[in-house]
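Chains as they are written, first to last, in our numbering: chain A, 270 to 653; chain B, 270 to 653.
Working notes, beginning with the structure itself.
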């Protein structure tokens, strides 16, 4: 939560945390608070988070997500190695296609939940959440006997998200961008700036990610997109906690960590235990599935005044006097006019409709377990 | 650079970044700015960095460095596995001893520069700089054939550093603490709080690290130490960029990264190429040594007005019109009354006494290569 800085030339405590290639533009366009993610500053405040939410769902916002660093896997065994890293079956992943995947360790714990991009037969990117998968992958490679090269390329994504993002993309890249299907990618060149464009994002809205492949041209790209979006009402913004919680999307370290397994999150569809593929954590995940999970992620509605912001600690959840879980992400949705939350609780208390208590700043308030996602449960908005 | 927050209960953008067990105490004692390190907030501002520096070198400061997360390695093959992770020869590392080590990848690039603690025959901690060595180590273990358990224990260090830190430690732990030698550790229990204490730190001053082994007792421990230090003039503080640059100590990501090799930093003493030990990166480091390094870290004095804070970008260095390197860490030392810097430059320009130019905010200023460390080059203060 980096706020209140007076002088962008002297922002930060040293060079230990990187600045994004879009840093100057985001400051120019009104970023006033930054967090840190994958050792890089990310703008997280352009004034009101509610205004940012409405900008996103009514028009479109441009978000600097250069912190989604890429792990690039190439070499003759790149496909085989990438499959080793994820429990999702990649045998039908076409060149030009993306998939949301989990990376699991030998215990079946979640290390990251990136978007995987296949750029060529043996050329992959993992577009990361906040952990050093570069080190994990290089570590796995050491004794793997596989011939791969693993590095962090000069790639910095932007997210253009919201219902009018399609119109802005047409203006930038021409009519043919209409054909780009949900979770597919394409190579582009915008006035000499090398890019990959994918129809993905972290908003549950129609949206695109634009992967800059030359860090020296970040501010130039940001300005070009803002200029193209001007007449459509595009606003500078940041990934919206409100919208992503409405959509039940995960934030790594908050809703999942190395001690969380995929079944606890209901992500069984991402785990191919019955196929012949070989991946790290397969035995552990088989055992977990067979034994049955002990905790489960649920959606909650909290019966209290509108929260002023997301929870910044894990609020404990009680059934009678017994602690049975924790709230991982909570926020007030101004559209639903409700406090909504993702929580991890003991499996035997996880039924829809159950009434529980949440302890917030020493006060116990009522909550009820509800279906999630909280809005657009079939993800029709983003995918259609 | 987390500053200007109004309400510690709602500090941050969510639960994605952890709070230290000492968080409440550091806020109570005056922390006003935080950075992020190993996915956790670290206090980096208690008002004036110069005042913090004088507090450190004249008396003592207490620093929350819970962000130095530990990687714990146990199991029957723990010694063999730990040796695999570092080029430093561990054959003489006694139980109860610590060593400053580098962790290198298969290319000889530096992944981290932790302090290694040996707690038992097959029980090690790596006290980390800012990168997920937990993932690296777990990745290496996957196909290693070695029987080890690798996890992050509930351990959160404090640093008590400065010339009177010894007196405060005697008050807390009794006279026997005088025997604790530089880079050795001991187990303690302070009014029921389980601890490890080592004579290490990141200040080049006399100092101790106090590893809390029960995160629920963080604020209690912090307050106990502040109370014990009251009559000696102990101040709350943070690791001092001024003192660590004076001492030529590294800040990972700033002065070294995955593309930096140990020889470029002059850390040959940490690399055992001629022994029989087996470690990751050995072949690559042999090749690098044989071919000779192309860049080298040097110390610089910058001929300009006193810098108002550390550099927040890598300032380019020129010889005539040619870019030959970059300033990695720069600061004004109020004791030396000089602007001092660590820099990485081409080997053929790295001679002591060479005059070069540094570009700071579009202005070229003069600099000269000097010996480093800039103060107490034999590290007598910390080790005697």
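Here a beta-carbon is modelled for each residue, glycine too, at the ideal position from N, C-alpha and C.
Please report the residue range of the alpha helix (DSSP H) in which residue i lies.
{"i": "residue 296(B)", "result": "292-297"}
{"i": "residue 435(A)", "result": "434-442"}
{"i": "residue 555(A)", "result": "551-560"}
{"i": "residue 396(A)", "result": "It is not in any alpha helix (DSSP H) - residue 396(A) instead sits in the beta strand (DSSP E) that spans 392-396."}
{"i": "residue 408(B)", "result": "402-411"}
{"i": "residue 491(B)", "result": "487-498"}
{"i": "residue 323(A)", "result": "318-327"}
Determine, for residue i, whether the minimum Cβ-Cβ distance to residues of chain B falls below 8 Å.
{"i": "residue 529(A)", "result": "no"}
{"i": "residue 344(A)", "result": "no"}
{"i": "residue 608(A)", "result": "no"}
{"i": "residue 315(A)", "result": "no"}
{"i": "residue 643(A)", "result": "no"}
{"i": "residue 294(A)", "result": "no"}
{"i": "residue 399(A)", "result": "yes"}
{"i": "residue 560(A)", "result": "no"}
{"i": "residue 469(A)", "result": "no"}
{"i": "residue 406(A)", "result": "yes"}
{"i": "residue 270(A)", "result": "Confidence at residue 270(A) is low in this model, with a pLDDT of 38, below 50, so the placement of that residue should be treated as unreliable; the coordinate-derived value is given next. Cβ-Cβ to chain B under 8 Å: yes for residue 270(A)."}
{"i": "residue 510(A)", "result": "yes"}
{"i": "residue 374(A)", "result": "yes"}
{"i": "residue 355(A)", "result": "no"}
Looking at the C-beta of residue i, does it have a partner C-beta in chain A at a distance below 8 Å?
{"i": "residue 581(B)", "result": "yes"}
{"i": "residue 620(B)", "result": "no"}
{"i": "residue 321(B)", "result": "no"}
{"i": "residue 428(B)", "result": "no"}
{"i": "residue 453(B)", "result": "no"}
{"i": "residue 417(B)", "result": "no"}
{"i": "residue 377(B)", "result": "no"}
{"i": "residue 566(B)", "result": "no"}
{"i": "residue 285(B)", "result": "yes"}
{"i": "residue 305(B)", "result": "yes"}
{"i": "residue 549(B)", "result": "yes"}
{"i": "residue 649(B)", "result": "no"}
DSSP has residue i in a bridge; who is on the other side?
{"i": "residue 306(B)", "result": "309(B)"}
{"i": "residue 356(A)", "result": "Beta-bridge pairing links residue 356(A) to no other residue."}
{"i": "residue 285(A)", "result": "Looking at the DSSP assignment, residue 285(A) forms no beta bridge with any residue, so it has no partner."}
{"i": "residue 629(B)", "result": "632(B)"}
{"i": "residue 451(A)", "result": "According to DSSP, which records beta bridges pairwise, residue 451(A) is partnered with nothing at all."}
{"i": "residue 467(B)", "result": "454(B) and 478(B)"}
{"i": "residue 525(B)", "result": "521(B)"}
{"i": "residue 585(B)", "result": "595(B)"}
{"i": "residue 314(A)", "result": "302(A)"}
{"i": "residue 546(A)", "result": "Beta-bridge pairing links residue 546(A) to no other residue."}
Assuming residue i and residue j make a contact with CB atoms under 8 Å, what is their CB distance in whole Å?
{"i": "residue 534(A)", "j": "residue 636(A)", "result": "Not a contact, Cβ separation roughly 19 Å."}
{"i": "residue 314(B)", "j": "residue 501(B)", "result": "That pair is no contact at about 24 Å."}
{"i": "residue 567(A)", "j": "residue 580(A)", "result": "Actually they do not touch by this definition, with Cβ atoms about 15 Å apart."}
{"i": "residue 291(B)", "j": "residue 464(B)", "result": "The pair is not a contact, with the Cβ atoms about 14 Å apart (cut-off 8 Å)."}
{"i": "residue 307(A)", "j": "residue 338(A)", "result": "5 Å"}
Tell me the DSSP secondary structure of residue i in three-state form.
{"i": "residue 572(A)", "result": "strand"}
{"i": "residue 229(B)", "result": "Residue coverage of chain B in this structure runs from 270 to 653, which leaves residue 229(B) outside it and unanswerable."}
{"i": "residue 335(A)", "result": "coil"}
{"i": "residue 426(A)", "result": "strand"}
{"i": "residue 506(A)", "result": "strand"}
{"i": "residue 644(A)", "result": "coil"}
{"i": "residue 534(B)", "result": "helix"}
{"i": "residue 511(B)", "result": "helix"}
{"i": "residue 256(B)", "result": "Coverage of chain B is limited to positions 270 through 653, which leaves residue 256(B) absent and any answer about it impossible."}
{"i": "residue 301(B)", "result": "coil"}
{"i": "residue 565(A)", "result": "strand"}
{"i": "residue 270(A)", "result": "Only weak support exists for where residue 270(A) lies, its pLDDT of 38 falling under 50; the value from the coordinates is given anyway. Here residue 270(A) sits in coil by DSSP."}
Within the continuous beta strand (DSSP E) that includes residue i, where are the two ends?
{"i": "residue 445(A)", "result": "Segment: none, residue 445(A) is in no beta strand (DSSP E) and carries neither H nor E."}
{"i": "residue 597(A)", "result": "591-602"}
{"i": "residue 613(A)", "result": "607-615"}
{"i": "residue 714(A)", "result": "Lying before the first or after the last residue shown, residue 714(A) is absent from chain A, which here runs from 270 to 653."}
{"i": "residue 478(B)", "result": "476-481"}
{"i": "residue 385(A)", "result": "384-389"}
{"i": "residue 418(A)", "result": "418-420"}
{"i": "residue 368(B)", "result": "367-369"}
At 7 Å on the CB atoms, spell out the chain C contacts of residue i, in chain order.
{"i": "residue 409(B)", "result": "Structure shown: chain C not included; protein chains present are A and B."}
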